[in-house]
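A short worksheet on the structure shown next.
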Amino acid sequence: MIYAGKVFCDFMTQKIFINLSTELLKKLKDEIYSGILTLDMIFFNKNESGYINSIDSLFSTQTLNILSSIIQFIFAVAVVVSIDWQFMLIIAIPIPIFFIIIKKTTKVLQEQIQKSLDSSADYSGKINQSISGMENIKTHSLEESEHYSSKMMKNSKKQSNTFNGFTGAISSLNYILTVFTYILGGWIFIRGRITLGEFMAISAYVGRIYQPVFTYSSTVLILQPAIISLKRASNFFFSELYHEDNSGDIEIDSISDMKFQDVAFGYEEGKKVINDLNFSIERGSKVLLQDTNGSGKSTIIRLILGLYSVNSGKILVNGIDIKKLKRSSLVKNISYAVQKNFVFNEALKKIFCQV
């Protein structure tokens, strides 16, 4: 009955945890997506997609197993102490040593996971770009140059080997502790300090005493990618640098004139694409921006649309600083044909309604 009750309680607690974690994960991803939509374009220039894909494992049943192992640890310690407290002191000696080893190993794992996630995210982003621009790749015979997986595979292989070595070391420690328990317990039994039943009870409960250590070690392997991904996701909520600051509250019905005053801008710090740019456009006039590739023609359009904030100078629309204008109001008065076409994965009717 006791074991049946334990199995039932484990099943129910895991079911409840799975439901709660799934709902929490859904809300968290919804918030992340909402945060993404408000980020400045600079953020997307500096980060590839795929950085938060591992966050699901943060809410796995492994988290629940830690709590369960702690409860079993307390119960097992109480049982062993009641049988022979000196035996308990001896077998408790390796516990802090194991935690120190695991903590130091975790730092190495964290660095390797970081590199693996970075290379995987870069690879995922480049694959997405390649698929989106497949026509250009094929028409220019660039297939052979579209290989980005070597770095990702190298980091992934190194991470997997470290994981393998770590789990192997933990398994070896588990076997050593089992042998040590039988030797020490057998010696105490031969000396007549404990009965055969107490020896068997100690042998059964010693595993529960070390369970938090082994559960923690396996949890480290599972949750490290999720923790790193969660740190990345925190940029969406707490990084003031990347959130749009160029959307004010002033609305306009039309655009009569637009003026650039000493505008300077660069996608990267110290590398200016536009520097001290001055010009004005009146309603009804036609302006041709003509120069070589990379001279900043598309950048000027992006600045007008409010996709980026100028590093210095001002862009005035109807004599008002563009940062003070409500961006949705600004965009409604601008028609823009993008250079890179993109079709959403939706029905045509819904796409045309969005446009």
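Our numbering numbers the first residue of the sequence shown as 753 and each following residue consecutively. All C-beta atoms, glycine included, are put in the ideal place defined by N, C-alpha and C.
Check, Outcome
"Through-space distance from phenylalanine 966 to isoleucine 922, alpha-carbon basis", "7 Å"
"Alanine 828 classed as buried or exposed, judged by whether at least 16 other C-beta atoms fall within 10 angstroms", "buried"
"Contact check, phenylalanine 850 vs leucine 925, beta carbons under 8 Å", "yes"
"Residues near asparagine 1063 in its chain [Cβ-Cβ closer than 8 Å; skip 5 each side]", "Ala1016, Phe1017, Gly1018 and Lys1024"
"Residue closest to phenylalanine 918, alpha-carbon to alpha-carbon, out of Thr858, Lys1084, Pro964 and Arg1035", "Thr858"
"Three-state secondary structure (DSSP) of leucine 936", "helix"
"Minimum C-alpha distance to glutamine 1013 - residue among Glu863, Leu1055, Ser821 and Met952", "Leu1055"
"Three-state secondary structure assigned by DSSP to asparagine 1030", "strand"
"Through-space distance from phenylalanine 915 to glutamate 1003, alpha-carbon basis", "56 Å"
"Proximal residues to threonine 1051 (C-beta, below 7 Å), its chain only, five neighbours per side dropped", "Phe1017, Val1025 and Ile1026"
"Per-residue DSSP class, three states only, for serine 1047", "coil"
"Beta-carbon separation (whole angstroms), isoleucine 940 vs phenylalanine 839, contact threshold 8 Å", "6 Å"
"Among Ser912, Ile954, Leu1029 and Leu1041, nearest to leucine 929 - alpha-carbon criterion", "Ile954"
"Residue range of the beta strand (DSSP E) that includes leucine 1068", "1064 to 1069"
"Residue span of the alpha helix (DSSP H) that contains valine 1015, given as start and end", "Unbroken run through valine 1015 is the beta strand (DSSP E), 1009 to 1017; no alpha helix (DSSP H)."
"Burial state of glycine 1086 (16 or more Cβ within 10 Å)", "According to the sequence provided, residue 1086 is isoleucine. The question's glycine does not apply to it. Looking at its Cβ environment, which holds fewer than 16 other Cβ atoms inside 10 Å, isoleucine 1086 is exposed."
"Nonlocal neighbours in the same chain, by C-beta distance under 7 Å from glutamine 963, ignoring five residues either side", "Ser821, Gln824 and Phe825"
"Extent of the continuous alpha helix (DSSP H) to which valine 1083 belongs", "1079 to 1084"
"With 16 other Cβ atoms within 10 Å as the buried cut-off, status of leucine 948", "exposed"
"Isoleucine 843 in three-state terms, based on DSSP", "helix"
"CA-to-CA distance, isoleucine 852 to isoleucine 942, given in whole angstroms", "34 Å"
"Between the CA atoms of lysine 778 and phenylalanine 932 - distance to the nearest angstrom", "46 Å"
"Under 8 Å between C-beta atoms of asparagine 1070 and isoleucine 1007", "yes"
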